[in-house]
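Working notes, beginning with the structure itself.
Number of protein chains: 4
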Amino acid sequence: MNTPYERLIRFADVDGAGFVYFSNYLSMCHEAYEASLAAAGMELRTFFGEHRTLIPVAKCQAQYLGPLQSGNRMRIEFTRTSTGPDSFTLNYRVINLSAGDKLVAIAVTEHVAIDLQTLERKPFPVVFTRWLEEGGS
Amino acid sequence: MNTPYERLIRFADVDGAGFVYFSNYLSMCHEAYEASLAAAGMELRTFFGEHRTLIPVAKCQAQYLGPLQSGNRMRIEFTRTSTGPDSFTLNYRVINLSAGDKLVAIAVTEHVAIDLQTLERKPFPVVFTRWLEEGGS
Amino acid sequence: MNTPYERLIRFADVDGAGFVYFSNYLSMCHEAYEASLAAAGMELRTFFGEHRTLIPVAKCQAQYLGPLQSGNRMRIEFTRTSTGPDSFTLNYRVINLSAGDKLVAIAVTEHVAIDLQTLERKPFPVVFTRWLEEGGS
Amino acid sequence: MNTPYERLIRFADVDGAGFVYFSNYLSMCHEAYEASLAAAGMELRTFFGEHRTLIPVAKCQAQYLGPLQSGNRMRIEFTRTSTGPDSFTLNYRVINLSAGDKLVAIAVTEHVAIDLQTLERKPFPVVFTRWLEEGGS
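Respectively, the protein sequence lines represent chains A, B, C and D. Numbering-wise, the first sequence is residues 1 to 137 according to this note's numbering. Numbering-wise, the second sequence is residues 1 to 137 according to this note's numbering. Numbering-wise, the third sequence is residues 1 to 137 according to this note's numbering. Numbering-wise, the fourth sequence is residues 1 to 137 according to this note's numbering.
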């Protein structure tokens, strides 16, 4: 398990209806992923230089279950699943802490490792695999 | 069929790797949807006041097939499918016009109509249903 | 003085050059302002309903002094200056904690209180004035 | 003079108050600048590789004069002023075409050319200077 990621929903996160804009949920999930990498001493950008590796999102999806508004405090939890030497999946739960810990969205991102130059698939750097395994249940 | 939506990929659309940030593809798809509504004389915000109706995204997904960088010109095409009196699905194709019209992403958004106050499901306003039917194939 | 606002620079914050996109500095300053309001139990949205008051930014400016990249940890400090019954100014300093606490930007936002319906200037709600005074030096 | 830049204000452009978020005006001004460069066959990213040159914003400011909401159509006009061999200033006017061509914001961005590696100031590439001069009045 990861340390949950928490933050305030801001004025810029919501759209013209006053609720978090649908694609911003996915950005916030990616924030939680980056925060977890940072806690393990890693950062996506450094993989470019040190390992010539990009780790883009190959697929994503989200399902919206309840409202989330500016001023609400939210938490994101996620689990990591290795799906091969060059791919993994993150499953996220977005929780509205200002509304009785209601689950307001679930999301999934699938990631792959590719070469910075050729954009061909390649195995993850070892340090990354270690982070991935620590999060396994 | 809709009029395709085209625009330049901008410096702010891309992330630290130089490619369009994964959730921005979904925002751009929503841009194409809003442009189509506007061409039909509609705007999401006006439904609030006139029809007490919100039409949020209930689910979304995207799959990434190729690179899209700042300075590239892209086109988004989409088809509309009514899935009930209060729901519809849009299927998008994102094409990189600066790379031989390569298909770089596909995406889906599922929308529902809900009441502005109760957030309960309700049928679409008639003007909206008309837009939906025009896009059917 | 305010509690400084700190967070990680994320992959989505930077642009095609790998540095934080210029207007995102201003968004991050606004984040720090919203975090300070939240710490005082306030939220911009609630002023609409309870006080029929909007508190928009009337002017802003920023000056960029050094680089800030994804993975960097940053801190924002700001001071508050009342400039009348319906206006105030915030002066921000953005510091790169990952580069020897280097000052990487300064920014200013000027805010006014206006009526939700008429958009005419009006005095701040009392609770807001209290927050403003607490931050005075 | 430049070809004016026009587009629809989108649901994602506005904030919790229903108006365009203050820093998004500056992003939209930058869009207009990028569109003008693109019309001249240039793109900011290509300067990195071909000329080892970054052209970041060194200062910016904006003043807000009226509302701009989702569904509104807006136009941005700007003038270019060379301020030295390695700097220039753009002055923008943001106009709400859906509200009697009302001027809703003015903005300024000051840009400099710097070396990709050293981040030291350096003269603009010749092609860029040509674009700059064409826009002079």
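For glycine and all other residues, C-beta sits at the position ideal for the given N, C-alpha and C.
| Item | Value |
| --- | --- |
| Residue range of the unbroken beta strand (DSSP E) whose run includes residue 83 of chain A | 73 to 84 |
| Reference residue 10 of chain A; option with closest CA among C:19, C:31, C:89 and C:5 | C:31 |
| Residue 98 of chain D, DSSP secondary structure in three states | coil |
| Spatially closest choice to residue 79 of chain D from D:14, D:28, D:122 and D:109, by CA coordinates | D:109 |
| Inter-residue spacing [alpha-carbon to alpha-carbon] between residue 93 of chain A and residue 72 of chain A | 16 Å |
| Range covered by the alpha helix (DSSP H) that runs through residue 113 of chain D | Element bounds for residue 113 of chain D: n/a, residue is neither H nor E. |
| Span of the beta strand (DSSP E) around residue 6 of chain D | 5 to 8 |
| C-alpha gap between residue 75 of chain B and residue 43 of chain D, whole angstroms | 18 Å |
| Residues of the segment 7 to 26 of chain C with Cβ closer than 9 Å to any Cβ of chain A, in chain order | 7, 8, 10, 11, 12, 14 and 18 |
| Rounded straight-line distance, which links the Cα of residue 87 of chain A to that of residue 51 of chain A | 16 Å |
| Minimum Cβ-Cβ distance from residue 82 of chain A to chain D less than 8 Å | no |
| Per-residue burial, residue 39 of chain C [other beta carbons within 10 Å of its own, 16 or more giving buried] | exposed |
| Per DSSP, cross-strand counterpart(s) of residue 45 of chain C | Its beta-bridge partners do not exist; DSSP assigns none. |
| For residue 27 of chain C, the nearest candidate out of D:36, D:14, D:33 and D:34 (CA to CA) | D:14 |
| Proximal residues to residue 70 of chain C (C-beta, below 7 Å), its chain only, five neighbours per side dropped | 9, 10, 11, 13 and 14 |
| Cα-Cα separation, residue 83 of chain D to residue 89 of chain D | 7 Å |
| Contact set between the segment 32 to 54 of chain B and chain A, restricted to residues whose Cβ is under 8 Å from the partner | 44, 45, 48 and 54 |
| 8 Å Cβ cutoff, residue 135 of chain C in contact with chain B | no |
| Alpha-carbon to alpha-carbon, residue 99 of chain B and residue 46 of chain C | 48 Å |
| Sub-8 Å separation of residue 21 of chain D and residue 105 of chain D beta-carbons | no |
| CB contact below 8 Å: residue 98 of chain A versus chain D | no |
| According to DSSP, residues forming a beta bridge with residue 60 of chain A | A:109 and B:62 |
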